[in-house]
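Per the numbering used here, the very first residue in the sequence shown carries number 3; after that it's consecutive. Right, one structure below, let's go through it.
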Amino acid sequence: MKINGLIAVMVVILGSSLGACSNNGQLGRKATPAQQAATNVQLAIEYMKLNKLADSQEFIERALKEDPGNANVQLTAGLVYERLNDMPKAEKAYATAGRLGKNDPNIQNDYAGFLCRTGKSAAGEKLFVDVARNPLYQTPEVALVNAGVCVRSTGDMLDAQRYFNRALAIRPNMPEALLQLGNVAIDQGDGAGALDYVQRYLAVNPATPEVLWLGFRAQRKLGDATAAAVFARRVQSEFPNSEQAQMMRSGVDR
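Here it is in structure tokens:
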């Protein structure tokens, strides 16, 4: 989900609105409902990032009253309600955002993600493919990786690999595609294949705890305890607060 991108959009909208008032010498005029909603959406997102979900809910519900026909407002409501685990409200908000933003591939991408997370994988996959084909969407490789993650969650490894490789064809060395292909390989018991993707990833991208964890698992699968220990030390030293480091400290290795 591209929450940061949504924040940026809201900031631009709000800034443009305020600028228009300033140019017309109307700074004292009360903000329109759409302007108020944009501000409340931004606040809802900021509180959600701080995990202050009650405050986030308060601000998004204000925005919903002020501008219910705005797709970004509905999308943010879906994000907030999903975090609150209020799935009926989340589903309603996401579906409304999808309907209102039917011509916005970014909104469709986020709606597809929700569909996949809630067991509607076929519908989510189809929507991701539609997004990838949309000429207005500037990063089709992202939608293709999302489609791959969606079908992988159903156990369809062949289609997942196909989507990840299509993403790499558009953007060679895309880190998320390489990581996903490595995870598919390790899930299939192919330690050498997984390690190859780790090495390709690290050759052109900064290390992350996820890829180092994959390297650790791959070397364990290959029976090379010394090489596995190198990855383990990197996780602990470079990302000591990561979930992967915590798993290692707990003795979890898969």
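The beta carbon of each residue, even a glycine, is placed where N, CA and C say it ideally should be. Note that the structure is a prediction, hence the values are computed from the model and not measured.
Note that the segment 89-102 does not touch the segment 50-61; fewer than 3 beta-carbon pairs, one per stretch, sit closer than 8 Å.
When secondary structure is reduced to three states using DSSP, SER244 falls in the coil class, being assigned neither helix nor strand.
In terms of Cβ geometry, GLN163 and VAL133 do not form a close pair [threshold 9 Å]. Approximately 14 Å separates the beta-carbon atoms of PRO208 and SER244; this is outside 8 Å, ruling out the contact. About 13 Å separates the Cβ atoms of GLN238 and ALA230, ruling out a contact at the 8 Å cut-off. For ALA145, the enclosing alpha helix (DSSP H) has its first and last residue at 142-154. In the same chain as LEU138, and ignoring 5 residues on each side of it, the C-beta atoms closer than 6 Å to its own belong to PRO107, in chain order. For THR78, the enclosing alpha helix (DSSP H) begins and ends at 73-85. Around the C-beta of GLN37, 16 or more other C-beta atoms lie within 10 Å, and the residue is accordingly described as buried. Fully enclosed alpha helix (DSSP H) runs of no fewer than 4 residues occupy 89-102, 107-119 of the segment 85-133, in order along the chain.
Taken through DSSP and simplified to helix, strand or coil, TYR49 comes out as helix. Taking every protein chain shown into account, the CB of LYS32 has fewer than 16 other CB atoms within 10 angstroms, so this residue is exposed.
Here VAL147 really is in contact with GLN182; their C-beta atoms are around 6 Å apart, less than 8 Å. Bounds of the alpha helix (DSSP H) holding ALA162 are 159-172. In this structure TYR113 is in contact with GLY100, their Cβ atoms being roughly 4 Å apart against a cut-off of 8 Å.
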